[in-house]
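Peer 1: Chains as they are written, first to last, in the numbering used here: chain R, 1 to 598; chain A, 1 to 345.
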Amino acid sequence: MAADDAPQAKGLQHEIVREVYRRFGESGFLFQATVDGMPTLWVEAGRILDVLRFLKNEVARPYRMLFDLTALDERVRKHRDGQPASDFTVVYHLLSIDRCNAKELGGGDIRLKVALTGDKHECPSCISVFKNANWYEREAWDLFGVVFTGHPNLRRILLPPRWEGHPGRKDYPARATEFDPFLLDQMRQDLDQEALLFKPEEWGMKRSSEDADFMFLNLGPNHPSAHGAFRIVLQLDGEEIVDCVPDIGYHHRGAEKMAERQSWHTYIPYTDRIDYLGGVMNNLPYILNVEKLAGIEVPDRVKTIRVMMSEFFRITSHLLFYGTYCQDVGAMSPVFFMFVDRQKAYDVIEAVTGFRMHPAWFRIGGVAHDLPNGWEKKVKEFIDWLRPRMDEYEKAALKNAVLVTRSKGVAAYNAAEAIEWGVTGPGLRAAGVNFDYRKARPYSGYENFEFDVPLADVSDVYTRGCLRAEEIRQSIRIIEQCLNHMPAGPFKADHPLTCPPPKERTLHDIETLITHFLGVSWGPVIPPGESTTIIEATKGLNSYYSVADGSTTAYRTRIRTPSFAHLQQIPAAINGHMIPDLIAYIASIDFVMADVDR
Amino acid sequence: MDLPSWITQEMIDIAIKVVQTIVILLGLVISAAWMIWLERRLLALWQDRYGPNRVGPFGLGQVIADMLKIFFKEDWTPPFADKAMFWIAPAIAMAMMMLGFLVIPLTDTIWVGDLNIGLLFFLAIAGLAVYAVILGGWASNSKYALLGGVRSTAQTISYEVFMGISLMGVVMLAGSFNLREIVHDQQATWFGFIPQWNVFAQFLAFLVWVPAALAVTHRTPFDLPEAEQELVQGYHTEYSSMKFGMFMVSEYVGIVMVSALTTTLFFGGWDVPFVENEGWFLSFLSFTGKTFFFMCAYILVRAALPRPRYDQIMAAGWKVCLPISLVNLLGTAAVILWTAPGATA
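1) To be precise: take each residue of the stretch 209 to 225 of chain A, compare its Cβ to all Cβ atoms of chain R, and keep it if any distance is under 9 Å. Which residues remain?
2) Determine which residues of the stretch 317 to 334 of chain R have a Cβ less than 8 Å from any Cβ of chain A, and write them out in chain order.
3) Within the 8 Å Cβ cut-off, does W46 of chain A reach chain R?
4) From R:S225, R:Q343, R:T532, R:N575, pick the residue whose C-alpha is nearest to that of Y545 of chain R; which is it?
5) Does any residue of chain R have a CB that is nearer than 8 Å to the CB of Q312 of chain A?
6) Give the residues from the stretch 401 to 429 of chain R that approach chain A closer than 7 Å (Cβ to any Cβ), ordered along the chain.
7) Hey, G148 of chain A and G245 of chain A are a contact pair by Cβ (cut 8 Å); roughly how many whole angstroms apart?
8) Given a threshold of 16 other Cβ atoms within 10 Å of its Cβ, counted over all protein chains shown, does F281 of chain A qualify as buried or as exposed?
9) Report the neighbours of E297 of chain R on chain A: residues whose CB is nearer than 8 Å to its CB, in chain order.
10) Please tell me whether K143 of chain A has its Cβ less than 8 Å away from any Cβ of chain R.
11) Assign N116 of chain A to one of three DSSP states: helix, strand, or coil.
12) Output the residue ranges of the alpha helix (DSSP H) runs that lie fully inside the stretch 72 to 117 of chain R and measure 4 residues or longer, sorted by chain position.
13) Going along chain R, which residues have a C-beta under 8 Å from R232 of chain A?
14) Does the stretch 287 to 299 of chain A come into contact with the stretch 249 to 269 of chain A, if we say contact requires no fewer than three beta-carbon pairs (one atom in each stretch) closer than 8 Å?
15) Do you know whose CA, among R:N400, R:L403, R:D391, R:V352, lies nearest K378 of chain R's CA?
16) Applying a beta-carbon distance threshold of less than 8 Å, which residues of chain B neighbour P52 of chain A?
17) Where do the N-terminal and C-terminal ends of the alpha helix (DSSP H) with D347 of chain R fall, by residue?
18) Straight-line CA distance for K10 of chain R to R18 of chain R?
19) Could you check whether F177 of chain A and L346 of chain A sit closer than 8 Å to each other, using their CB atoms as the reference points?
20) If you check the beta carbons only, do S158 of chain A and V133 of chain A fall under 8 Å apart?
21) Looking only at its chain, what residues have a beta carbon closer than 8 Å to the beta carbon of P372 of chain R, apart from the 5 residues adjacent to it on each side?
22) To the nearest angstrom, how far is it from the Cα of A84 of chain A to the Cα of Q62 of chain A?
23) Do P160 of chain R and V280 of chain R count as a contact pair if the criterion is CB distance below 8 Å?
24) Within its chain, find whatever has a CB closer than 8 Å to the CB of V147 of chain R; leave out the 5 residues flanking it on each side and keep chain order.
25) Excluding sequence positions up to five away, which residues of its chain have a Cβ less than 6 Å from the Cβ of G107 of chain R?
26) Anything in chain R within Cβ reach of P306 of chain A, meaning under 8 Å, just list it in chain order.
27) Closest Cβ-Cβ distance between R49 of chain A and chain R: below 8 Å?
28) Buried or exposed: where does D597 of chain R fall if 16 or more other Cβ atoms within 10 Å of its Cβ makes it buried?
29) Reducing DSSP to helix, strand and coil, say where A6 of chain R ends up.
30) Report, in whole angstroms, the separation of the C-beta atoms of L277 of chain R and T538 of chain R, which I expect to be a contact under 8 Å.
31) Helix, strand or coil for S5 of chain A, going by three-state DSSP, please let me know.
32) V253 of chain A: which of A:R219, A:L207, A:W270, A:F274 sits nearest, CA to CA?
33) CA-CA distance, L326 of chain A and S259 of chain A?
34) Pairs of beta-carbons, one from the stretch 260 to 271 of chain R and one from the stretch 516 to 526 of chain R, closer than 8 Å: are there three or more?
35) Using a 10 Å radius around the Cβ and a threshold of 16 neighbouring Cβ atoms, would you call L3 of chain A buried or exposed?
36) Can you look up Y144 of chain A in the DSSP assignment and give me helix, strand or coil?
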């Protein structure tokens, strides 16, 4: 047991762990070493709120943002050495923007875990500390059945209200063939529809004020400006929004559950469809995370190719944002021009990857194949095409007086509010927080690129739009640098867990042949461990938290998406505005429902 | 040839008038319907795409195809709607826009009604036209339609006020509400090279008339009653088939009507500058050419501008346009009094 007493095993190398011990004493805490090096502490359920409050308010350089909160069904996990007994574990991921820099040991984050055992899986709700825990706790209850005591409205969020069971649990099957055939008879349909009816009282809303009745307007899930199957119920006084309730889950496909069914390799196409405008950018956090777990170091060429293709998708996603943003304030023409540009970008993407929107092109340990001959010419053509167009758009769209009056000061929030709601990406930077993950903690070689991070003072509809337009320009700069400095070398890492493995030597020696055969038929077996990888995705911070249990599939994959947090913020930013402001605000969030519901 | 004795000259005149009216109104509806094609093609031109180009030469047959389709669509009346009002609303929309056109002279000799209160008649019709939107929005018994109807009411009230006032300057200059008189008043030139069109003499009134004209027809950027991004389809969300088609065509009839009115009130109607006695053909070309120009301008506005928020439009109406039109009215009155014979006496 000597090893357990070593300072390393207690996490004393981390300053923040030492601070927690100093404040609360060492007993009751358990430090867990993880692959990603993020300080991870097991905390007793009764003390979690105090610890969270301490980390948020009392430490120097505080952890102001609840980045993620999720649950983990531990009941059939094999490799749990040194971890306390637990049926269900609630995992908190806090982020400190002050600490988020390359020098910080283990990242600017801390992971807290609460073990739940016994018949009742209860954990105190932390809404009193972090407002944005609301939806995360509802999700954890919805999918895992973890009860958060003290939660004001612990109801289903992703699944329909009449759903039975908690599908995230390990004893809940993932395949339709394991269920009885699904039957939708008239009675069931009526009951399901009845359950979707909005009842203001359930949300603590009144039907009338002293001198007027409110109108409740159901906007979505099918609405021209809802950007997908998104429903929001508005409590209206005239056209003024008194209060509103966003309702999500209409696009839920159980992507996290599917990760427990697919092999590490065959899950890659699923990630493409999380933020369906992000293309290969979605592969990146997943792939980087798996590579961390597998211990693969990829060649420089792979890193640079990945950066270049990711930035291409940042451009296509932002262009779509740009067009629909103008469309949603009533300008009908810009979107057509931006779609032309997107097609030009997709031409390049197609030439490189073979697909347009969902190439699923990154591989564990590399990319699917090398860049095609003549890729430089195509990329250069695209850069030369887009640059002057961006200047034109600025004149035609962003400087339009009507657009400016429609968007300035609408749905504005400051830095503190943004962090409180877990806002990341352009929405956070528009509030003046210089936090771009590519700069703060560079991944995949972003430290080698020169680009600026556009900022603004107050995050409103207008600044969020301008910021993204500028980000397109910066992405063009990054792509240009990739073009001019593409390293030579292999497009796959020479590592037994690279998938599909390099084939050259398979017919020369039996060991390589066997490794190749297993890697292709079973898929790679990733060694047990836990890891989180965050990237600056198109819409904000996207992270994958993977738990490997020494098998061909992930034991648990948690996908934290930026849009989920951004939608939760809607009521706080829009109440008191009018319906057209809501539409402009929704456009400025830049979300897709696939990214929210997963 | 001898006519039977019971056919009097009066009857022949009436018959000619009736035929003329039918031809003009048919021409109006047909040109309005084809304007849908024009709009789609022009928008496409400005938006880097093709637009409908498959049916007939240049896609001109698209309108016929669309009409056939819309006639055979299921004509669905929502069970929760107020049936009578729901049915009558599109008819009002169509009828009012066509009535408005009746008082507009195409040339000095081609016209339907030569009312001495022509402009007042138009203002009355424009006021009544809003009933189509209000009733459509109300009778649909749907929240989106209702919001569209409410917006329309507010918008109409704000915009009718200064639209009327802005046009009074034109009336004062011509000394008549009769639209032919107003055109006649614009036929001279200043200094021999500036046509005496009201767009110069009444420039402020024209500035105010432009947004009002857009607002009357519910076109971008004043399409708040049907703001697609916000209210789905606004007041006609629940309409289908030909009832929807009537709302749609009436919008285009409205555009033709208002463009024709702009021509008449501010751009000398059928007048061709520097030409004496144009003759009916040249006059007709002049009138339709100018009207066509304004129809295209409508489409360009739609392609170019975003939509302001509802309260911003109200504010612009009451705080900017109304004062301008009042200043214009007072200024015009002062100038007329100043220059009137005997004013200095």
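For every residue, glycine included, the Cβ atom is placed at its ideal position computed from N, Cα and C.
Peer 2: Short version:
1) T220, P221, D223, L224
2) C326, Q327, D328, V329, G330, A331, M332, S333
3) Position 46 of the second sequence holds residue 46 of chain A. Yes, contact with chain R.
4) For the purposes of this step, residue 545 of chain R is taken as residue 545 along the first sequence, with counting starting at 1. For Y545 of chain R, the nearest C-alpha among the options comes from R:T532.
5) The residue labelled residue 312 of chain A in the question sits at position 312 within the second sequence. Judged by the 8 Å Cβ criterion, Q312 of chain A is in contact with chain R.
6) V402, L403, T405, R406
7) Taking the first residue of the second sequence as 1, we reach residue 148 of chain A at position 148. Taking the first residue of the second sequence as 1, we reach residue 245 of chain A at position 245. The Cβ separation is near 18 Å, so there is no contact.
8) Taking the second sequence and counting its residues from 1, one reaches residue 281 of chain A at position 281. So F281 of chain A ends up on the exposed side.
9) In the first sequence, the residue the question calls residue 297 of chain R occupies position 297. None at all; the shortest Cβ gap to chain A is about 46 Å.
10) Counted from its first residue, the second sequence places residue 143 of chain A at position 143. K143 of chain A counts as touching chain R.
11) As a position in the second sequence, residue 116 of chain A is number 116, starting the count at 1. Coil, per DSSP.
12) none
13) Numbered from 1 along the second sequence, position 232 holds the residue referred to as residue 232 of chain A. The displayed chain sequence assigns Val, not Arg, to residue 232 of chain A. In chain order: H223, P224.
14) yes
15) For the purposes of this step, residue 378 of chain R is taken as residue 378 along the first sequence, with counting starting at 1. Closest by alpha carbon: R:V352.
16) Any reference to chain B falls outside this structure, whose protein chains are R and A.
17) Taking the first residue of the first sequence as position 1, residue 347 of chain R is located at position 347. Run containing D347 of chain R: 334 to 353, per the alpha helix (DSSP H) assignment.
18) Start at 1 with the first residue of the first sequence, and residue 10 of chain R comes out as number 10. Start at 1 with the first residue of the first sequence, and residue 18 of chain R comes out as number 18. If you take the alpha carbons of K10 of chain R and R18 of chain R, they lie about 9 Å apart.
19) As shown, chain A starts at 1 and ends at 345. That puts residue 346 of chain A outside it, with no answer to give.
20) In the second sequence, residue 158 of chain A corresponds to position 158, counting from 1. In the second sequence, residue 133 of chain A corresponds to position 133, counting from 1. Not in contact: S158 of chain A and V133 of chain A (Cβ atoms no closer than 8 Å).
21) Against the first sequence, residue 372 of chain R aligns to sequence position 372. Excluding positions up to five away in sequence, the list reads A351, V352.
22) In the second sequence, residue 84 of chain A corresponds to position 84, counting from 1. In the second sequence, residue 62 of chain A corresponds to position 62, counting from 1. C-alpha separation (whole angstroms): 32 Å.
23) Taking the first sequence and counting its residues from 1, one reaches residue 280 of chain R at position 280. Taking the first sequence and counting its residues from 1, one reaches residue 160 of chain R at position 160. No, the Cβ-Cβ distance between V280 of chain R and P160 of chain R is not below 8 Å.
24) Taking the first sequence and counting its residues from 1, one reaches residue 147 of chain R at position 147. Excluding sequence neighbours, V147 of chain R sits near K120, H121, E122, C123, W141, L154.
25) Your numbering for residue 107 of chain R matches position 107 in the first sequence. Around G107 of chain R: M38.
26) On the second sequence, residue 306 of chain A is found 306 positions in, with the first residue counted as 1. Per Cβ cutoff of 8 Å: C326, V329, G330, A331, N400, V402, L403, R406.
27) As a working mapping, residue 49 of chain A is identified with position 49 in the second sequence. So, interface residue.
28) Against the first sequence, residue 597 of chain R aligns to sequence position 597. Flag for D597 of chain R reads buried.
29) Taking the first residue of the first sequence as position 1, residue 6 of chain R is located at position 6. Residue state, collapsed to three classes: coil.
30) Numbered from 1 along the first sequence, position 277 holds the residue referred to as residue 277 of chain R. Numbered from 1 along the first sequence, position 538 holds the residue referred to as residue 538 of chain R. Their Cβ separation, rounded to whole angstroms, is 6 Å, which keeps L277 of chain R and T538 of chain R in contact under 8 Å.
31) As a first step, residue 5 of chain A must be located in the second sequence, where it is residue number 5. Residue state, collapsed to three classes: coil.
32) Along the second sequence, read from residue 1 onward, the residue named residue 253 of chain A stands at position 253. Of the candidates A:R219, A:L207, A:W270, A:F274, the one whose C-alpha sits nearest the C-alpha of V253 of chain A is A:R219.
33) Position 326 of the second sequence holds residue 326 of chain A. Position 259 of the second sequence holds residue 259 of chain A. If you take the alpha carbons of L326 of chain A and S259 of chain A, they lie about 23 Å apart.
34) yes
35) The count along the second sequence starts at 1 and reaches residue 3 of chain A at position 3. It is exposed - the Cβ of L3 of chain A has fewer than 16 other Cβ atoms within 10 Å.
36) Translated into the one-based positions of the second sequence, residue 144 of chain A becomes position 144. Helix at Y144 of chain A.
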